[in-house]
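Protein chains in written order, with my numbering: chain A, 10 to 463; chain B, 10 to 463; chain C, 10 to 463; chain D, 10 to 463.
There are 4 protein chains.
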Amino acid sequence: MTISLAGTPLTVGPDASLAIQSHFDTTRRFSLALVEPLALEDYGVQPMPDASPPKWHLAHTTWFFETFLLQPYAPAYQAFAPQYEYLFNSYYNGVGAQFPREQRGNLSRPTVHEVLRYRQHVDAAMTQLLAQVAAGQLGEHAGDITERTVLGVHHEQQHQELLLTDLKYNLGHNPLYPTYREPLSPVAVTTPNVSLANFVEYQGGQITVGATHASGGFCFDNETPRHDQLLRDYALSDQLVSNGDYLSFVQAGGYQRSELWLASAWSTLNNQAWQAPLYWVQQDGTWFEYHLDGLAPLDLQAPVCHLSFYEADAYARYAQARLPTEFEWEHAASEQAVQGNFADSSIINAPIGSGAQVATGALKPLPPSTTQQPLQSLYGDLWEWTMSSYAPYPGYKPLPGTLGEYNGKFMSEQVVLRGGSCFSSANHIRSSYRNFFYPPDRWQMSGLRLARDL
Amino acid sequence: MTISLAGTPLTVGPDASLAIQSHFDTTRRFSLALVEPLALEDYGVQPMPDASPPKWHLAHTTWFFETFLLQPYAPAYQAFAPQYEYLFNSYYNGVGAQFPREQRGNLSRPTVHEVLRYRQHVDAAMTQLLAQVAAGQLGEHAGDITERTVLGVHHEQQHQELLLTDLKYNLGHNPLYPTYREPLSPVAVTTPNVSLANFVEYQGGQITVGATHASGGFCFDNETPRHDQLLRDYALSDQLVSNGDYLSFVQAGGYQRSELWLASAWSTLNNQAWQAPLYWVQQDGTWFEYHLDGLAPLDLQAPVCHLSFYEADAYARYAQARLPTEFEWEHAASEQAVQGNFADSSIINAPIGSGAQVATGALKPLPPSTTQQPLQSLYGDLWEWTMSSYAPYPGYKPLPGTLGEYNGKFMSEQVVLRGGSCFSSANHIRSSYRNFFYPPDRWQMSGLRLARDL
Amino acid sequence: MTISLAGTPLTVGPDASLAIQSHFDTTRRFSLALVEPLALEDYGVQPMPDASPPKWHLAHTTWFFETFLLQPYAPAYQAFAPQYEYLFNSYYNGVGAQFPREQRGNLSRPTVHEVLRYRQHVDAAMTQLLAQVAAGQLGEHAGDITERTVLGVHHEQQHQELLLTDLKYNLGHNPLYPTYREPLSPVAVTTPNVSLANFVEYQGGQITVGATHASGGFCFDNETPRHDQLLRDYALSDQLVSNGDYLSFVQAGGYQRSELWLASAWSTLNNQAWQAPLYWVQQDGTWFEYHLDGLAPLDLQAPVCHLSFYEADAYARYAQARLPTEFEWEHAASEQAVQGNFADSSIINAPIGSGAQVATGALKPLPPSTTQQPLQSLYGDLWEWTMSSYAPYPGYKPLPGTLGEYNGKFMSEQVVLRGGSCFSSANHIRSSYRNFFYPPDRWQMSGLRLARDL
Amino acid sequence: MTISLAGTPLTVGPDASLAIQSHFDTTRRFSLALVEPLALEDYGVQPMPDASPPKWHLAHTTWFFETFLLQPYAPAYQAFAPQYEYLFNSYYNGVGAQFPREQRGNLSRPTVHEVLRYRQHVDAAMTQLLAQVAAGQLGEHAGDITERTVLGVHHEQQHQELLLTDLKYNLGHNPLYPTYREPLSPVAVTTPNVSLANFVEYQGGQITVGATHASGGFCFDNETPRHDQLLRDYALSDQLVSNGDYLSFVQAGGYQRSELWLASAWSTLNNQAWQAPLYWVQQDGTWFEYHLDGLAPLDLQAPVCHLSFYEADAYARYAQARLPTEFEWEHAASEQAVQGNFADSSIINAPIGSGAQVATGALKPLPPSTTQQPLQSLYGDLWEWTMSSYAPYPGYKPLPGTLGEYNGKFMSEQVVLRGGSCFSSANHIRSSYRNFFYPPDRWQMSGLRLARDL
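Written as structure tokens, this is what we have:
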């Protein structure tokens, strides 16, 4: 059996173990880098039920390794604190009861310091476990341990993204609009005019999509099995919809025109009194947008962000276009390399806590640059809503045991997004990656790219 | 242009007009036949927001003809009561504001008598309008009038089914368990044992599904356009899941085993305290089931009914099978004739109100009979949940204007059901017909047929 | 022991029995008179959880006699339908479980006809029971039977008032604004100008309030025991606050000025979007008010009606006055006779169903007439909010057994109203009568009279 | 004009200013002493809408001085941060809009450190302002400044109590049951047996209650004016109801017997699934109770705590007694000195942050000691529910202007409690002090003392 990290297949063995240990270390360290700019008070806040506190993300990702690796495979392992099994279980009924999700923000204890010690405890035990695998001491379990460790690393990458997303929700709803971090020095981009967006045409036919565990690169079970789909000829916009585009929609009364909205969207819009995307703030007639570097005037060239599926769908109808299916997207994306504006675009490997600034990417979507790629902003920047419901692929089998709860049980009423965002790590994303959220959700880094029939 | 009634294509002209008038009359009469057994008190009750009162169904179907036929095309038409435009609009924002759905049961006025007079008023005007079409007096509008009339007839058939469904919800939740109508004389069936269910195998490949307005038979816009789909080899059970099958699931702790349920299903099950299908009632250890002919011991051979998608999905997982896709279902169904246990199976054309009994079908799903058809109970009996989300077909275009709200705006978060039920009329159903409800809905006549990969 | 009907003490015995039978008959007949103008469809509607259907009131008052008189004291009594014990129990936990209050409107069965037969069944049995008492055949139970019958009669009078109140809520919220009954021929009143309202001064000191079971007249347990209260000198307005007065408050921005409202009132006002009293309707800039005789322009001289305690309190603060305490009210009222605008002001004793009109009072509050009484509109017209919380009198003892649930368990969070209304029967009201509702309730016939310290 | 601090009347002037400055300093310092044992993470948590975060209490009490003293009277005062006017306004509509109460726990910024700097800023400005008053530089405003400062000090004492109460709610609902502080060395008490409780008899008659601003000691406006009440002879238990007493009620099925409960209580009990007082925890059949020093086995001799009014009322009915009126309580209490188990019972005046332990009282109710007082545990220990609704005294006038919102607007639907608790400061409590909460509230330090008629 072979597994891989970020695309490079590895045979189980010393080299693979070394690579996994390194991937583990880098990812665990990156979580700490992400919370480096926080005030201690920021770690505990849960501003809405879906937006978990940073402290919880730090603990839950650790719980994952403790529960699925150390408890079953490390014979002498001592749990750091028995109650954490309950406190930091997210949704695995197979493990046991869960502390109520909407109360995660009420847990002032354990403190941040205790959670950091919990991380150290588990990291040390994991390092020992991986060394035992490398030394061939764990026999038949070596494969499982390796696979689950890689899964745990990708799991933590998902939570790093959520940590930023949930933190943004907190800070962006504080009337003081605090910044997470000052803006980086401006990125040099040649900003094309909005009107330069063009549709790129793709030929349909019977194509193959999805991934396979056996093929080398890591993938989640929901990307399997690889299988065929039938596409008609189609076109995709070479750019994401921009703030300027979307502002036209707002100013044209888009949020007041029922004929543009799905029935459930119209009901939600009215109940929630939506007037504009989530982090748009109007002050004295001027539109501002909140990003992690603070509140600033709306950048009309940048992609519009924090749309729900409902808003993306309504905008597409307004634009006399539609959203792509997830297979159209994947077919087009499979021809481009995974490059873009990611969260880990510029990590400085300074020791955590050393005082050196640990930089990350821009942490906000950027205006399209003049690359030679046919589709701009395809990877990174923003998750792109598709029109595809999140459903099992033909022949889909969840992972065995409790880890089967990872993906499969959520395949109902959600919609697929593709491409990763500026909060994702580059080595976490691939063309077959399926993200999924509910149609009204809009606290994610989500935007849209238009599609058309030919 | 040609249209058709229940499959027979008709050219516009005198014969077509005659046929349409007849179809209109029969359908309008059937609505009255359905309410014949009601007490006057039953007409007004709305036992939950989704279950509209019978009186409202009678008025709303009439409003449809008034709004979309008489107002635009009958020049001298006088509205029966101007406020009805508001009171009996269901969800057409293009027509104007709507009386709040959840308060339909509060409208003691207009009375039943006034609603029946409203029906007579509109029926007379429609008859006159259709006569003018037949006489060639309406020129360019003739086609539109004919098409919309046929749509209105099918719309009324949908509401006839809902009327029975909603009425059942009312009577079946009354502690007195009143009957709508005494049971018909027992249907002669040879009841096979439950264990006789077999899987019928179908070959996959590229198949064509859907319907087209131009092809002769009436269809809704959501069945168009006709297009290709790719199927893998699959098998369908030749029977619906029976009460006996489902009872085994209940007794095996099916409602307590989280691993069988989708996450949103498990949450719903616990919030709603589901323990069994909707109309199952346990008294002194014995299971009973309510149907429109009253409360009776559970018939283990009859198909299990009133399942939500969540329950159908969980049962399929328990049975180590899955639900079919809507395309697998349609592919198999396209080979069988539309015959089965329908609401209009035995209409006696007695004059309404004459005292003669106006019989209908059994109004409950029946045990499978020994037919020569490969799939039993395929049409009629019960709507069958598929695993397909309700989505637009590739290239789908809603009807123009306000009638475009008929189907398209509901294509989100719902699931497709196929096949019609014992509450449907036979000439309303076809293999391409797509019904749709939300995953937790279980007051419909909904059951399931298992599918498997080969 | 002596009891009385409407103030006239009676010894138990043949004369008393005759009087009780007559009081019973008159009251039972009046319930039927009140529903005479209804369409059958009006009997079943429950437009909000607190507003029970007329059919339910007819059945529940009957249930009271069956449960508390016939079941315990009439040996051969056969229940009309055993399930009614559950269906028509309001809130007596001592009797058993209750059908959920908010679903009373869903009971299309039993039908109105069946409920009327239930009434006849119970009336016949009660007549027989009272005859046995008169004949001295029931020995030691005679006193209990007599007392409970009188209680049941007063209980039915309370429900007659609620029946009208709840019916008004239904019809007054129907966009068609149907009338219950055409207006009576106009009452001849000399309408004084609004500004003629004056304050009448009363001397304080130690006064006696309340009633006693032993004193002759019937009273509820919550009026007992008679006891002393200490009053300071005070003044009461000789008129109720008028629509004209209240319109000034509305036009002066009363509903937008937080400083006039209690904190919980301000919260309720904003949550419910209150802008004016419940049945005020603004059309094209003109204010209308709905009464049981239909929608008509606001009568500025008539008392303002359908105020919550919150609104009455805010208006009093606006008027630099306050609400009276219930003891100030009773002290002043004890000097005036119980005369006024009541529901039974002009009953014509025509046989029910004979086609003859069974008239009642005006069924709406009337402008003050030029009487010689110091306080106008004191009895009848409108229930008057006081500033007194509904609490037990010193030494209060509830009735023994299940009937102890009648009043005592509601002595929390409610406010006392005094004086009866145009929906009350004259012989049901007295100066010590305590009505009570929650501060936000405004579907009752409730208004206010200002008070001041001297 | 004279005012006083904790009972000692003071003329305005240098001595008064000095005393006020000292009272101000001590109180402000005590707030900091109370948060000394907290982890930084504890400052921000709001575990339910009513339980504000400690950080908010620290800021809001500071806001009070800034808003009502410094802004109007200190000419050169610079606001620390303009947005705090909005963020830390509790409910004063007259000041402006308020940050939503239920979201106080979402404010990770300002940080604790910033709030402490805010306190220092305001403390310095207040010290300067009071010095100007002492120096006679503020002329006509001196009286207002002095009065409002004293009000602000008492306001802060109220919030100190709430800070502890709300903190307890947070820690006591954390599955880890963290302690706020280890138990003090055990207090020497001679614990009498539960059965030693006796009723002390009091003679009724016309008595005088309440306080007056002019009489020397500070009081809130809701204690004024002093006025007469009429009492009947009555008796009060010389002890609070104990845990042992209340356990008997629980074990006798008290929470399952509807006849013991008010109707709204019974509904609340069932909706909330109450089985025992708030902080009682049953583990393996043994009852524990959480106090700020941790979870410990239930002390049967200690007073039962954290009862709602509903529970206190039900227990009294079970015990064939009743709750006292607030006037009975005050009449009896006016004869005893204000001594007891208070929060500031043993302050050590160590500098804040010096590392020395700043001790407080026991912070939990203690078993009664053998004092010579007729009523034990009368002051301190627990707030005692009365049966009196919170209402204005005859002739009550709120403070003028925005400060009139302090008390008056809450006089609806609440119930009066008397006597202070172990979370109160001794110099904050007096016999006329009226506390008030809603009947279902049970997160306060609330218990009960039985009363009886004679």
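Ideal Cβ placement from N, Cα and C applies to all residues, glycine included.
Option nearest residue i by Cα separation, candidates the options
i	options	result
F89(D)	A133(D), P449(D) and A106(D)	A133(D)
A328(D)	A85(D), W270(D), Q310(D) and V424(D)	W270(D)
T174(D)	D24(D), R451(D), P84(D) and A143(D)	R451(D)
A282(C)	F227(C), E268(C), Y264(C) and E298(C)	Y264(C)
P403(A)	D237(A), Q292(A) and T76(A)	D237(A)
L240(C)	K64(C), N280(C), Y319(C) and T334(C)	T334(C)
A220(C)	V142(C), E339(C), F318(C) and Y255(C)	E339(C)
P91(D)	R461(D), S99(D), T76(D) and L49(D)	T76(D)
P306(C)	F318(C), S317(C), L316(C) and W289(C)	W289(C)
Partners in chain A for residue i, counting only beta-carbon separations shorter than 7 angstroms
i	result
P333(B)	Per Cβ cutoff of 7 angstroms: no residues; P333(B) is ~12 angstroms from chain A at best.
S9(B)	Outside the shown range of chain B (10 to 463) lies residue 9(B), about which nothing can therefore be said.
Residue i: first and last residue of the uninterrupted beta strand (DSSP E) it sits in
i	result
N444(A)	N444 to F446
V209(C)	F208 to Y211
D462(A)	A460 to D462
Y468(D)	Chain D is shown from 10 up to 463; residue 468(D) falls before or after that span and cannot be answered.
Residue i: contacting residues in chain C (beta-carbon distance under 8 angstroms)
i	result
K406(D)	In chain order: nothing, as chain C lies at least about 10 angstroms away.
Cross-chain neighbours of residue i in chain D, by beta carbon under 7 angstroms
i	result
H32(A)	None at all; the shortest Cβ gap to chain D is about 31 angstroms.
V250(A)	By Cβ distance, chain D contributes nothing, its closest Cβ being about 31 angstroms from V250(A), past 7 angstroms.
D51(A)	S117
Neighbour list for residue i in chain B, Cβ cutoff strictly below 7 angstroms
i	result
R241(A)	P403
Y264(A)	Chain B residues near Y264(A): none, gap ~14 angstroms exceeds 7 angstroms.
E422(A)	S273, E422 and P448
Opposing strand residues paired with residue i [DSSP bridges]
i	result
Y100(B)	According to DSSP, which records beta bridges pairwise, Y100(B) is partnered with nothing at all.
Q492(D)	As displayed, chain D neither begins before 10 nor continues past 463, which places residue 492(D) out of reach and without an answer.
Element boundaries [alpha helix (DSSP H), containing residue i]
i	result
I216(A)	No alpha helix (DSSP H) contains I216(A), which is instead part of the beta strand (DSSP E) from G214 to V218.
W338(A)	E335 to A342
R157(B)	A151 to G181
Under 8 angstroms from the C-beta of residue i: neighbouring residues of chain B
i	result
F446(A)	Result: empty, since nearest Cβ-Cβ is about 13 angstroms, beyond 8 angstroms.
Under 9 angstroms from the C-beta of residue i: neighbouring residues of chain A
i	result
F419(B)	L271, A272 and S273
Q80(D)	By Cβ distance, chain A contributes nothing, its closest Cβ being about 20 angstroms from Q80(D), past 9 angstroms.
S267(B)	N102, G103, E414 and K418
Amino acids of chain D, ordered along the chain, whose beta-carbon sits closer than 8 angstroms to that of residue i
i	result
D237(C)	L239
Proximal chain C residues relative to residue i, where beta-carbon distance stays under 7 angstroms
i	result
Q107(B)	Ordered by position in chain C, no residue passes the 7 angstroms Cβ test against Q107(B), which lies about 12 angstroms from the chain.
Note to self: Quick check: the stretch 101-108 of chain A against the stretch 52-64 of chain A, are at least 3 beta-carbon pairs closer than 8 angstroms?
What the structure shows: Taking 8 angstroms as the limit for Cβ pairs, the verdict is that the stretch 101-108 of chain A does not touch the stretch 52-64 of chain A.
Note to self: Counting beta carbon pairs with one atom in the stretch 294-303 of chain A and one in the stretch 226-234 of chain A, are three or more of them shorter than 8 angstroms?
What the structure shows: The way I'd put it, the stretch 226-234 of chain A doesn't touch the stretch 294-303 of chain A; fewer than three beta-carbon pairs between them come closer than 8 angstroms.
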